[in-house]
Each structure stands twice: as C-alpha cells, then as structure tokens.
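Engineer: Got a structure for you, questions after.
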Amino acid sequence: MQIINNHSLLARFINNRWFQHISYWVLFVLFFAFAWGTHDNDYILTLKVELINLPVKIILVYFVIYFLFPKYLYQEKLWTFIPLFVLSLFVAAALQRITDNLIIVDVFFPEWGKVPTFNFVQIVRSAVNTSSVLAIPMTVKLMEYISSVQQRQQILAKDKLEAELTFLKNQVQPHFLFNTLNSLYSLILKKSDQSLEVVLKLSDLLRYMLYETNAAQVQLHKEIESIKSYLELEKIRYGKRVELSLNIWGEQTGQAIAPMLILPFLENSFKHSTRGFNGQAWITIEMGIKENDFVLKVENSMPEEITESPAASGIGLQNVKRRLNLMYPNNHELKIESSTDSHQVVLKLKLKEQL
401 MQIINNHSLL
411 ARFINNRWFQ
421 HISYWVLFVL
431 FFAFAWGTHD
441 NDYILTLKVE
451 LINLPVKIIL
461 VYFVIYFLFP
471 KYLYQEKLWT
481 FIPLFVLSLF
491 VAAALQRITD
501 NLIIVDVFFP
511 EWGKVPTFNF
521 VQIVRSAVNT
531 SSVLAIPMTV
541 KLMEYISSVQ
551 QRQQILAKDK
561 LEAELTFLKN
571 QVQPHFLFNT
581 LNSLYSLILK
591 KSDQSLEVVL
601 KLSDLLRYML
611 YETNAAQVQL
621 HKEIESIKSY
631 LELEKIRYGK
641 RVELSLNIWG
651 EQTGQAIAPM
661 LILPFLENSF
671 KHSTRGFNGQ
681 AWITIEMGIK
691 ENDFVLKVEN
701 SMPEEITESP
711 AASGIGLQNV
721 KRRLNLMYPN
731 NHELKIESST
741 DSHQVVLKLK
751 LKEQL
C-alpha cells in the first residue's frame, strides 16, 4: 500500500510491503500484550501468550486476504465467500482452542481448570477473539481493491471518451475531403487553371489535419488559418455564385481549441445555401475572442425550395454537437435558428489556455 506519494528513501522504506506487514504484526502483538497485561501487570507473560497464538492468526489473515478475497469476493461470488470465510474463522478458532489447552493453560496457567477443547461456546468466543486480527487487513485490502476498480473505471472511461472523440473527429475529414475532391474533379474536367491552386490549398489543409490535429487541443490561430484555407477552396469552387463575408476579430494567440470543431458549421452553411441554388446565395461568417470566450456566428441564405431544417441533417453537424458535449460540458452554448430565407448558427466556447 502506498502511504507516501514521492520517491524519497523514506517513502520507499515506508511503502515497502515487507515493512508494512512486519510493522502490523509487531504492533498487533504489542497492543494486545499490553491490553491483556493490564489485568495482572505481567506484560512479559501476555507477550509470550500472544506470540504462541500468532501463527494461527497469521495463517488466517493471509488465507482470507490472499485466497478468499481474490478467488471469491473480487469475483463477486459473495455467497461462496461468506460460508468459506465463516468456516475458516471457526477452523482458526478450533486451532486456537487446541493451542490454549495443550500449551498455554499447561505452561502458563496450570491453576486453571481445563474446559473441553471443542466446547462450542469456547470455540465461538475464540472465533470472536480471533476475528479482531482481520479488521485492519480486510479493511486495507478492500480499500485497495475499491481504489483499483475506480482507477480502472476512470481509465476505461477516459479511453472510451478519447476513442469516441477520435472517431468523431476522423469522420469530419473524409466528409470534407469528399467534397473538395469532387470540386477538384470538376475543375480538372473544365481544364481550369484553378485546379492547381486547389491542389496547393488542399495540400496545406491535409498537412494540418495529419500533423496538427492529433492532439486534443490545438492553437486557435492555427485552427483559424486552416479555416481560411478551407474558405479559399470554397471560393474557388463556387466563384461569384456565393457572396462570402468573413470577419475575424480579437487576439487569437495564447488560446487553445479542439481541432476540426469549426469546419462542420462552415461546410453546413455552404451545403444548404447552395442546395437548390437560385443564384442568390450568401454566407456571413464572424469569429473572434471576447473576454476569453470564442464566438462563432455563421449565417447563410436558404433557398425557398428547401423545407428540411439544416439543424436536423448532416453527419458533420451531428458529430460536432456530440464533440461539444464531450469536450466542453457546461462550457459551450450553441444556438441554431432557421427561417424561411436564412439559417444562423451562434457558438460560444469557454477556451482553455494554450498548451
């Protein structure tokens, strides 16, 4: 059991298993030798008696905590553990009675009259007396076990959360790449010179996705730079068919944000403003820092033909909502509103300091 949480010589000594076990038995013997010795002030005699009784108690303790506990109690076999525990207690009590009658009474208390060794009342009394030796070891082992279970549960929960976040984040990338490659394919078919620019912008974004977004948090200004590259790609893709307004304000250095968190909202705005395109598409994007909060506002036009709410569709948008709940619980506010001719998203995040 770890008592001191450091790596000093004293800590290594006190945390040593052998030191702890030997200390327990020494203190146990001394305590009961003193407790029983107060009756006649013969502490040496009671010390000898405790030492004679010690082997049975040692066997009982280690049998319970190193055999019954891991084999039955830790395996949730409670109804097997209980009768075996009681049986081991009474076996130890019976051995104690044998020691009392054959050694202790004859050697130290010859004036006492002997009670039959296997007298039921005496065995019960001996079982109660013997059980005191189990109190501290059982409590310590149970606390250690409960602590280890809680640690495993925390590790599993953390691993599960990290796996889910990685899965959600990775789903965004194929979704984005699918759209961008479609645009690139169209430009190549048209033999447009812009296809080379798309390849360069896409290369920058892929580099960011592969080498910068593996961490749970990235620098905010790098995330914003990736957003700018994405918007440049979309401007090439749609040209003058979409009127795009971008406003970035505030100081972006010194802040960290979850990677690939903003992109799905922007993808969603392009997707729905150009769906059933009628030549009147527009998108307004504002983002920045206000009192250590990141604020994102995305508003886009909605063609009259679209009746489905953008908030109810899109794998990227559903994923980012899930990521927000996992990574920013009680530290984010997301509002999505739609009308007959526009759709608006407002996101506020309580950012962390840059790592």
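Going by my numbering, the sequence shown opens with residue 401, and the numbers climb by one from there.
All C-beta atoms in this analysis are idealised placements derived from N, C-alpha and C, irrespective of residue type, glycine included.
Restricting to Cα atoms, I'd like to know which of Glu544, Phe463, Glu632 is closest to Phe481.
Structural biologist: With distances taken between Cα atoms, Phe481 lies closest to Phe463.
Engineer: Out of Val533, Gly639, Arg552, state which residue places its alpha-carbon closest to the alpha-carbon of Ser595.
Structural biologist: Gly639
Engineer: When DSSP builds the beta bridges, which residues end up paired with Gln554?
Structural biologist: Gln554 is not bridged to any residue.
Engineer: Between Ile422 and the ligand HEM, is there a pair consisting of the residue's CB and a ligand heavy atom that are separated by less than 7 Å?
Structural biologist: No copy of the ligand HEM appears in this structure; indeed no ligand is present at all.
Engineer: Using the three-state DSSP reduction, which class does Thr740 fall into: helix, strand or coil?
Structural biologist: coil
Engineer: Here's the rule: buried if 16 or more other CB atoms are within 10 angstroms of the residue's CB, otherwise exposed. What is Phe509?
Structural biologist: exposed
Engineer: Return the residue from the list Arg497, Thr674, Lys690, Leu430 that minimises the CA-CA distance to Gln655.
Structural biologist: The candidate whose alpha carbon is nearest that of Gln655 is Lys690.
Engineer: Pairing CB atoms from the region 467 to 478 with CB atoms from the region 490 to 497, are three or more of them under 8 Å?
Structural biologist: no
Engineer: Determine the DSSP secondary structure at Ile662, reduced to helix, strand or coil.
Structural biologist: coil
Engineer: Comparing C-alpha positions only, which one of Leu726, His743, Gly688 sits nearest to Arg675?
Structural biologist: His743
Engineer: Compute the Euclidean distance between the alpha carbons of Lys752 and Asn529, then round it to the nearest angstrom.
Structural biologist: 58 Å
Engineer: Can you tell me whether Leu468 is buried or exposed, with buried defined as 16 or more other CB within 10 angstroms of its CB?
Structural biologist: buried
Engineer: Within this structure, are the beta carbons of Leu661 and Val720 separated by less than 8 Å?
Structural biologist: yes
Engineer: With DSSP run on the structure shown, which of helix, strand or coil describes Asn647?
Structural biologist: strand
Engineer: In three-state terms, what does DSSP make of Trp512?
Structural biologist: coil
Engineer: Does the region 522 to 538 come close enough to the region 496 to 505 to have 3 or more Cβ pairs within less than 8 Å?
Structural biologist: yes
Engineer: Between the alpha carbons of Tyr443 and Val505, how many angstroms are there, rounded?
Structural biologist: 17 Å
Engineer: Tell me the rounded alpha-carbon separation between Gln420 and Ala557.
Structural biologist: 33 Å
Engineer: Any idea what DSSP makes of Leu430, helix, strand or coil?
Structural biologist: helix
Engineer: Note down the Cα distance separating Ile546 from Tyr466, rounded to an integer number of angstroms.
Structural biologist: 16 Å
Engineer: Rounded to a whole number of angstroms, what is the C-alpha to C-alpha distance between Thr613 and Val549?
Structural biologist: Spanning the two alpha carbons is a distance of roughly 32 Å.
Engineer: Looking only at its chain, what residues have a beta carbon closer than 6 Å to the beta carbon of Thr446, apart from the 5 residues adjacent to it on each side?
Structural biologist: Counting only Cβ-Cβ distances below 6 Å, and skipping sequence neighbours, we find Ala433, Trp436, Gly437.
Engineer: Note down the Cα distance separating Pro455 from Ala616, rounded to an integer number of angstroms.
Structural biologist: 55 Å
Engineer: Could you name the residues of the same chain whose beta carbon sits closer than 7 Å to that of Leu542, not counting the 5 residues immediately before and after it, in chain order?
Structural biologist: none
Engineer: Go ahead and pull the three-state DSSP assignment for Leu489.
Structural biologist: helix
Engineer: Between which residues of its own chain and Val461 is the CB-CB distance below 8 Å, once the five residues before and five after are set aside?
Structural biologist: Closer than 8 Å at the Cβ level, and outside the excluded window around Val461, lie Val533, Leu534, Pro537.
Engineer: Measure the CB-CB distance between Met727 and Ala658 and report whether it falls below 8 Å.
Structural biologist: Their beta carbons are under 8 Å apart, which means Met727 touches Ala658 by this criterion.
Engineer: Below 7 Å CB to CB, which residues in the same chain sit around Ser626 once its five sequence neighbours on both sides are set aside?
Structural biologist: Result list for Ser626: Leu605, Tyr608, in chain order.
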